[in-house]
Ligand code: SAM
Ligand code: SF4
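Numbering (my numbering), first residue to last: 20 to 460.
Below you can see the structure in the form of C-alpha cells.
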C-alpha cells in the first residue's frame, strides 16, 4: 500500500449518493486514502454531485471556484467531480474549471483506483461511460471494520420511466437490478460489522427485479423476505418507490414482515390527473388514493411520506387545488415538496413555464399544509411507546439519539444506552423535528 493520504468527500443529494460516497472512499482506501472532515487537510477533494434540481451544475462550478485558492496554495491537491453533474457535464467540467483533475460518472466509480493512479501521474482523468461490466462485481468485498448501526444498500439503479421533469434516466441510465445473491451477501457482511438496520436503495427500488437462484427473477418483496431471515438484522426499509410498482406481494410484506418498518416514501408529485398525465406518471390521483388505502389496510400504523412538485408547466390554480385536496384526503406524516425546476434535456423544460412568483406562493401553501400534518403525526406519538434504534450521542450529557420505526428522530437521556441498542421508549414530548422520550421499564 502506498503512503497514507487524506480524502475529503462532499456529498450532495439523495441517499444513493451517500452510499456511492461510502463505496468510493472504500475504493480509494486501497490507494492509501483515509477520510478527513477538513477540506484544507485533504490530498484529494471529491464532490459527489446531484443534478435533480435548480441550477445544480452552477452550484458545482461555484463550489469549484471556492476551491481555487486552496488548489493554488497546494498544487498537489487533486480535485474530482463525481455523481450526476459529472455524468451530465462530462469534459465540459475540466474545460470550464481547469483545477479539476478527475471526472467520474455514477456508473464508472469502480474504475476510480486506475483513475487516481493516472491523476497521481499528473494526467487528467475522465470516465462517464455506462460500462458493460458489473460495477458492483468489480468493487468487490467491502472492508470488515465495525461501523454504525444503520446502512444504505443499493439494490437497483437507473430508471426507464422518463417522467417529463426528471434527469435520472439520463444521468443514471437504464434500470438495472443487482443479483439477489450479491445483495444478500453484502447485507450479511454489513450485519457482521454491527449493522442492525438496512435501507435498500434504488431510484425506483420497488421495480427491483434481480436475478435469483436457478434462473428465477426476484421481486423486492422476495428479496425483503430473504433479508428478513438474516440473524442480527433487525430492521429493513426501502426507498424510493413508484406507485405503479407497488405489487401485491410488497403490500402483503408490509402486513406480514416484522422487520419491514412501518414507513413508506411513495411520491405522488401532483393531485391533478391533467398534470400527472403531462408528467408521464402513468397513474391517476384516484389510483394513488386507492393504493394507499390498500397499503394501510395491510399496515394500519404506516407513516406515509411523499414528494410533490408545484408549478409544473401547465399547472392551473384548479390543478394545484387538486394537490391540496389529495394531501387533505390521504394525510402525510412527512413529505418533501419542490418548485418545478427546468432540467435541460427533459421534455418539460421545453414547455411554457409557470410564473416564478406563482410557484413560490403555491409551494408556501402546500408546505404549510404538509407541515401541519407532520406536526399532528408527531404530536400523536406523545404518550405512545415506540421502539428506537440508537445511533449516536445527543448534544446533552447522557443523551442518545436514534430513530423510531416510523423514522422519527428520538432523543432519550439514559446513561445505559449504547449505540446499536434497540429499546422501547415512551414519547413524552414533540419538538419541531424530533421527539423526546424515556426508556420503558
Ligand atoms: N423515483 C422517484 C419517483 O418516481 O417518485 C423519485 C426520484 S427523484 C430523484 C426525487 C424527487 O425529486 C422526485 O420525486 C421529484 O419530486 C423531485 N424532482 C425530480 N425532478 C424535479 C424537477 N425537475 N423539479 C422539481 N423537483 C424534481
Ligand atoms: Fe425520475 Fe422517479 Fe420518474 Fe424515474 S420514476 S423518471 S427517477 S421521478
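Every residue, glycine too, gets a C-beta built ideally from N, C-alpha and C.
CB of residue i within 7 Å of CB of residue j, strictly
i	j	result
residue 110	residue 145	yes
residue 389	residue 354	yes
residue 370	residue 330	no
residue 338	residue 406	no
residue 38	residue 219	no
residue 227	residue 187	no
residue 69	residue 190	no
residue 55	residue 25	yes
residue 233	residue 294	no
residue 443	residue 404	yes
residue 171	residue 34	yes
residue 118	residue 87	yes
residue 449	residue 397	yes
residue 417	residue 432	yes
residue 80	residue 58	no
Reference residue i; option with closest CA among the options
i	options	result
residue 366	39, 27 and 298	298
residue 43	106, 92, 113 and 123	123
residue 9	228, 35 and 29	Summary: the structure shown does not reach residue 9, with the chain confined to residues 20 through 460, and so no result is reported for it.
residue 410	440, 300 and 269	440
residue 98	73, 126 and 134	134
residue 424	282, 236 and 450	282
residue 155	170, 211, 197 and 164	197
residue 74	249, 279, 363 and 323	363
residue 239	311, 41 and 223	223
residue 308	335, 276, 271 and 351	351
residue 50	117, 139, 85 and 150	139
residue 278	454, 318, 430 and 391	318
residue 160	398, 391, 213 and 202	202
residue 36	262, 59 and 126	126
residue 359	251, 437, 182 and 132	182
residue 456	121, 166 and 401	401
residue 332	289, 132 and 81	289
residue 185	57, 368, 65 and 64	368
residue 176	141, 165, 195 and 158	195
residue 204	128, 261, 78 and 249	249
Residue interval of the beta strand (DSSP E) (run including residue i)
i	result
residue 412	404 to 412
residue 64	63 to 68
residue 311	Note, residue 311: premise wrong, no beta strand (DSSP E); alpha helix (DSSP H) at 304 to 317.
residue 427	It is not in any beta strand (DSSP E) - residue 427 carries neither H nor E in the DSSP assignment.
residue 284	282 to 284
residue 147	Per DSSP, residue 147 belongs to no beta strand (DSSP E) and is neither H nor E.
For residue i, the first and last residue of its enclosing alpha helix (DSSP H)
i	result
residue 349	336 to 349
residue 155	154 to 158
residue 272	267 to 275
residue 104	102 to 108
residue 10	Residue 10 cannot be examined here, being either before or after the span of the chain that is shown, 20 to 460.
residue 381	375 to 398
Contact belief for residue i with residue j at Cβ below 8 Å, rounded distance in angstroms
i	j	result
residue 147	residue 105	6 Å
residue 287	residue 325	5 Å
residue 193	residue 179	6 Å
residue 310	residue 342	Going by Cβ atoms, the distance from residue 310 to residue 342 rounds to 17 Å, so no, they are not a contact pair.
residue 270	residue 246	That belief does not hold up - the Cβ atoms of residue 270 and residue 246 are roughly 18 Å apart, past 8 Å.
residue 168	residue 215	5 Å
residue 231	residue 166	So it is not a contact: roughly 28 Å between Cβ atoms.
residue 229	residue 242	7 Å
Residue burial classification, residue i (beta-carbon count within 10 angstroms, cutoff 16)
i	result
residue 344	exposed
residue 347	exposed
residue 20	For residue 20, the pLDDT reaches just 47, beneath the cut-off of 50, and the residue's location in the model is therefore unreliable, although a value from the coordinates is still provided. Residue 20 is exposed by the Cβ-count criterion.
residue 327	buried
residue 206	buried
residue 23	exposed
residue 258	buried
residue 462	Because the chain here runs from 20 to 460, residue 462 falls outside it and cannot be looked at.
residue 452	exposed
residue 378	buried
residue 163	exposed
residue 387	exposed
residue 53	exposed
residue 421	buried
residue 415	exposed
residue 120	buried
Chain C contact for residue i (CB, 7 Å cutoff)
i	result
residue 57	Among the chains of the structure shown, chain C does not appear; only one protein chain is present.
(message) Any residue with its Cβ nearer than 6 Å to a heavy atom of ligand 3 should be included. What is that list in chain order?
(response) No copy of ligand 3 occurs in the structure displayed; its ligands are ligand 1 and ligand 2 alone.
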